[in-house]
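Numbering that gives the first Met the number 0 puts the first residue of the sequence shown at 0, with every later residue one more than the last. Where is the CB? At the ideal position from N, CA and C, for every residue including glycine. None of these values were measured; they are calculated from a predicted model. Note sheet for the following structure.
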Amino acid sequence: MKLNLVKKPTIAAFVTILFFCLYIDINLLAITLAYTTALTLLFLIGKKISSAATYVLYSWSVKWALFIFFTAYAAINLTSIYFYSMIMFIGINIFLSPALEAKEA
Numbered sequence: 000m001k002l003n004l005v006k007k008p009t010i011a012a013f014v015t016i017l018f019f020c021l022y023i024d025i026n027l028l029a030i031t032l033a034y035t036t037a038l039t040l041l042f043l044i045g046k047k048i049s050s051a052a053t054y055v056l057y058s059w060s061v062k063w064a065l066f067i068f069f070t071a072y073a074a075i076n077l078t079s080i081y082f083y084s085m086i087m088f089i090g091i092n093i094f095l096s097p098a099l100e101a102k103e104a
């Protein structure tokens, strides 16, 4: 059985994020999962775009629009975890790069 070494750091990062979110507040876990799920769904919808340049433009626009929406939601409704959620959103945005996905297409 051949193990993919790229997957191990990703799994470790997800487990670390899970424990960090649970340590801070369950609402942080909920909003982080909602943000990641929304990004994933919109990126999957964007995969139907045939042009790589259009896909990157769509993905970047969606990524930052969701960042603004979820950050504003956290600032208004979840003030106790606003800072942590903003840091999580920035980390996710840095980690997910639509340009990498466009090269695979």
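Collapsing the DSSP output to three states places S50 in coil. C20 and L43 have their alpha carbons spaced roughly 25 Å apart. Taking a contact to require three or more Cβ pairs closer than 8 Å, the stretch 49 to 59 and the stretch 78 to 94 do not qualify as touching.
Taking C-beta atoms as the reference points, L65 and Y34 count as a pair closer than 8 Å.
F69 is classed as buried because its beta carbon has at least 16 other beta carbons within 10 Å across all chains shown. Taking the Cα positions, G45 is about 34 Å away from Y22. N92 is positioned such that its CB atom lies no closer than 8 Å to that of K47.
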